[in-house]
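Visitor: In our numbering, the protein residues as written are 23 to 247.
By construction, the Cβ of each residue, glycine as well, lies at the ideal position given by its N, Cα and C atoms.
1) Give every residue of the same chain whose Cβ lies closer than 8 Å to the Cβ of residue 212, excluding the five residues on either side of it in the sequence, and list them in chain order.
2) Residues in the same chain with beta-carbon distance under 8 Å from residue 198, minus the five sequence neighbours each way, listed in chain order, please.
3) How far does the beta strand (DSSP E) with residue 183 in it reach, from first residue to last?
4) Compute the distance between the beta-carbons of residue 99 and residue 82, then report whether it is under 7 Å.
5) Can you tell me the Cα-Cα spacing of residue 33 and residue 103, whole angstroms?
6) CB residue 29 to CB residue 56, shorter than 7 Å?
7) With DSSP run on the structure shown, which of helix, strand or coil describes residue 119?
8) Identify the continuous beta strand (DSSP E) that holds residue 211 and give its terminal residues.
9) Within 10 angstroms of the Cβ of residue 49, are there 16 or more other Cβ atoms? Answer buried if so, exposed if not.
10) If we call anything under 7 Å between Cβ atoms a contact, is residue 165 one with residue 182?
11) Please determine, among 233, 111, 209, the residue with the shortest C-alpha to C-alpha distance to residue 3.
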């Protein structure tokens, strides 16, 4: 790649993932303009609402091209309100290429079960209360999802992930609820961060491979636009 700067990676009309460190969920945005000193992007949306983004906040853009995935740090330096809201971002650091074996995190549709109460993870579940999910932000270290139930932080549970069609056997992990955040835009919605506390390394590798496959599928789509 000849130009490893934001101007060499970004172009108008390109899709990117906006990562706000205080939030687990990345947001898909559109690059509206690219200049040496700043860029403009479409304001991020979640469930039809604009995501709060404060001036001076540090954020990251993640983009993919034929050379891989890259993370670019920015500071929010302006907001534009109109028919289409936008954010002005000023670069704040160096472009970093995402290594393939990092614990990549990606929002995907995936069947998962949360099993309560906590018991030995490798025994058949008996007497569990099961909550089912269909979409989560998954990595090799845990899963984040939105729920209309404010689960109790610190609760221990089992997580079962269905990684079909790539793997027929579900991945099972012991876990705990590490964080519960009430949505700033929808008071009856809660962000639940679950951390894996005990998982076979082979199963963790399966999760990473699964996320990498989804990333590659996303990359093929964005490079074909």
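Guide: Here's the rundown:
1) Taking the chain shown and counting its residues from 1, the one referred to as residue 212 is at position 190. 168, 169, 170, 171, 172, 173, 202, 203, 204, 205.
2) Along the chain shown, read from residue 1 onward, the residue named residue 198 stands at position 176. Closer than 8 Å at the Cβ level, and outside the excluded window around residue 198, lie 176, 177, 178, 179, 216, 217, 219.
3) As a working mapping, residue 183 is identified with position 161 in the chain shown. For residue 183, the enclosing beta strand (DSSP E) covers residues 178-184.
4) In the chain shown, residue 99 corresponds to position 77, counting from 1. In the chain shown, residue 82 corresponds to position 60, counting from 1. No.
5) Against the chain shown, residue 33 aligns to sequence position 11. Against the chain shown, residue 103 aligns to sequence position 81. When rounded, the distance between both Cα atoms is 22 Å.
6) On the chain shown, position 7 is the one that residue 29 refers to. On the chain shown, position 34 is the one that residue 56 refers to. Cβ atoms of residue 29 and residue 56: closer than 7 Å.
7) Position 97 of the chain shown, counting from 1, holds the residue named residue 119. It is a strand residue.
8) Taking the chain shown and counting its residues from 1, one reaches residue 211 at position 189. Element bounds for residue 211: n/a, residue is neither H nor E.
9) Your numbering for residue 49 matches position 27 in the chain shown. By the neighbour-count rule (16 or more Cβ atoms within 10 Å), residue 49 is buried.
10) The residue you call residue 165 lines up with position 143 of the chain shown. The residue you call residue 182 lines up with position 160 of the chain shown. Not in contact: residue 165 and residue 182 (Cβ atoms no closer than 7 Å).
11) No statement about residue 3 is possible, as the shown extent of the chain runs from 23 to 247 and does not include it.
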